[in-house]
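> Mapping to the working numbering: the sequence shown position 268 is 271, numbers consecutive. Ideal placement from N, C-alpha and C gives every residue a C-beta, glycine not left out. Please read through the structure below; I'll follow up with questions.
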Amino acid sequence: MKTLYHIAIILLFIGCKDSKKNETTAIDNTPETATMISDHPGKKIMETKCYACHDATTPEESRLAPPMAAVKMRYLMGVSDKNEFIDDFLDWADKPTLEKSKMPGAVQRFGVMPYLPYPKEDIKLIADYLYENDIDQPEWFEEHYQKNHGRGQGMGRGMGNGNGMGRQMRMGTGQNTIDYNALGMKYALSTKAQLGKNLITAIEKKGTVGAVEFCNVRAIKLTDSMATVHGAKIKRVSDKPRNPDNMANSKELGYITAFKQMVADGKDISPMIDEINNEVHFYYPITTNTMCLQCHGVPNEKVTGETLSTLKAFYPKDQALGYNENQVRGVWSIVFDKK
């Protein structure tokens with residue numbers, strides 16, 4: 004099985020949540036549609052739990068998984084109503100297998116998606132949101148789909164349940180049109196993907212111990228290499244770092260505090276940017292989930308004795324323990340030039 008698609012599991016350690024720029028176009032939405040999209044809880048869950056691999060901004064040649072627009076298209080085929088659509092989604096998420104897959108081309112390229120222990124209710128909300136709303140799709144996707152599946156099966160409005168399949172996204176074409184939040188997220192997620200790809204290899208070879216060794220030896224180096232690729236300064240920093248080199252500075256600590264308050268208040272989390280002269284300073288939280296707690300949770304409850312011993316050997320000044328689910332563990336701190 005190909006390991007690249009297993010990048011979704013990066014949340015276990017580094018999610019604790021190349022080429023040319025990807026071109027994207029925005030279309031008009033009615034006020035009713037805009038309200039539906041912004042208010043639906045499935046949207047936030049999808050962006051948090053799925054977009055590390057299934058986003059609409061990663062170039063076709065660099066993808067780790069098909070965009071959600073493609074997933075929606077395939078799951079609409081052959082279903083009679085929303086309940087059947089949701090049931091198919093739940094069945095796949097409960098136990099992904101080659102036999103269940105509706106996307107043979109994606110499986111051939113990326114491998115079978117690994118099982119991820121997300122709550123059933125979250126999967127239902129994601130599926131409900133997908134069925135009822137237009138979603139973003141890469142600019143290249145329409146042509147890609149027509150090339151591989153033939154004409155007459157367009158991705159526009161009127162497919163399946165009558166809802167539109169997606170909205171094309173465009174970044175960086177024309178003056179004053181760049182979404183710096185989206186650009187910063189692209190840099191963060193692509194870096195996260197590279198870390199995750201290498202992390203999965205370490206896990207497959209040596210288990211959790213191998214993952215700890217990888218983080219100790221290579222994580223910062225890989226982050227630096229992705230910074231070079233993007234022409235940006237990319238850091239993962241924390242107020243309670245595992246590696247002292249990842250200690251947040253005073254400004255970054257302020258953003259960590261702000262994100263913690265947002266999470267505590269139950270607010271939607273969005274990137275924060277600070278434009279200084281000709282630079283954009285981008286910040287986005289790294290939050291914990293159930294899987295993260297295996298390395299960052301309460302010792303001897305979520306973190307095993309073997310893992311603790313390995314962590315102590317590699318990180319004698321480790322502060323990154325004792326977390327519970329959905330807590331801010333740090334931030335992505337990225338600086339890049341204005342376009």
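Assign I289 to one of three DSSP states: helix, strand, or coil.
On the sequence shown, residue 289 is found 286 positions in, with the first residue counted as 1. Three-state DSSP puts I289 in a strand.
> Taking the alpha helix (DSSP H) that W95 falls in, what are its first and last residues?
Within the sequence shown, residue 95 is the residue found at index 92, counting from 1. Unbroken alpha helix (DSSP H) run through W95: K85 to D97.
> Go through its chain and collect everything with a Cβ distance to G169's Cβ below 7 Å, but skip five positions before and after it.
Counting from 1 along the sequence shown, the entry for residue 169 is found at position 166. Bear in mind that the predicted position of G169 carries a pLDDT of just 46, short of 50, making it too unreliable to give a figure here.
> Could you check what DSSP says for K236 in three-state terms: helix, strand or coil?
Taking the first residue of the sequence shown as position 1, residue 236 is located at position 233. Residue state, collapsed to three classes: strand.
> Do T194 and T226 have their C-beta atoms closer together than 8 Å?
In the sequence shown, residue 194 corresponds to position 191, counting from 1. In the sequence shown, residue 226 corresponds to position 223, counting from 1. Yes, Cβ-Cβ distance for T194 and T226 is below 8 Å.
> Express the C-alpha separation of P288 and M265 in angstroms, rounding to a whole number.
For the purposes of this step, residue 265 is taken as residue 262 along the sequence shown, with counting starting at 1. For the purposes of this step, residue 288 is taken as residue 285 along the sequence shown, with counting starting at 1. Approximately 10 Å, taken between the alpha carbons.
> Is it right to say H9 is buried, meaning 16 or more other beta carbons lie within 10 angstroms of its own, or is it exposed?
What you label residue 9 is simply residue 6 of the sequence shown in a count that begins at 1. A caution first: H9 carries a pLDDT of 49, below 50, which makes its placement in the model unreliable, though a value can still be read off. Per the 10 Å Cβ criterion, buried.
> For E146, name the three-state secondary structure that DSSP assigns.
Within the sequence shown, numbered from 1, the residue matching residue 146 stands at position 143. Of the three classes helix, strand and coil, the one that applies to E146 here is helix, per DSSP.
> By Cβ distance below 6 Å, which residues in the same chain neighbour K320 in space, the five residues on each side in sequence not counted?
Counting from 1 along the sequence shown, the entry for residue 320 is found at position 317. Result list for K320: P247, in chain order.
> Using the three-state DSSP reduction, which class does R332 fall into: helix, strand or coil?
Mapped onto the sequence shown, residue 332 falls at position 329. Three-state DSSP puts R332 in a strand.
> Rounded to whole angstroms, how far is the Cβ of G199 from the Cβ of F339, which I believe are closer than 8 Å?
The residue labelled residue 199 in the question sits at position 196 within the sequence shown. The residue labelled residue 339 in the question sits at position 336 within the sequence shown. 21 Å between Cβ atoms; not a contact.
> Looking at the structure shown, is E309 part of a helix, part of a strand, or coil, going by DSSP?
Here residue 309 refers to the residue found at position 306 when the sequence shown is read from its first residue. It is helical.
> Terminal residues of the continuous alpha helix (DSSP H) containing E255?
Translated into the one-based positions of the sequence shown, residue 255 becomes position 252. Run containing E255: S253 to A267, per the alpha helix (DSSP H) assignment.
> If we ignore side chains and look at the alpha-carbon of each, how far apart do N86 and A130 end up?
Position 83 of the sequence shown, counted from the first residue, corresponds to residue 86. Position 127 of the sequence shown, counted from the first residue, corresponds to residue 130. Cα to Cα, N86 sits roughly 10 Å from A130.
> According to the Cβ coordinates, are A222 and A214 closer than 8 Å?
Position 219 of the sequence shown, counted from the start, is the residue given in the question as residue 222. Position 211 of the sequence shown, counted from the start, is the residue given in the question as residue 214. No, these two residues do not count as a Cβ contact at 8 Å.
> Rounded to a whole number of angstroms, what is the C-alpha to C-alpha distance between I272 and N184?
As a first step, residue 272 is located in the sequence shown; it is residue number 269 there, counting from the start. As a first step, residue 184 is located in the sequence shown; it is residue number 181 there, counting from the start. For I272 and N184, the distance between alpha carbons rounds to 12 Å.
> Going by beta carbon distance, what residues of the same chain come within less than 6 Å of K238, once the five residues before and after it are set aside?
To locate residue 238, count along the sequence shown from 1; it is residue 235. Hits under 6 Å: S336.
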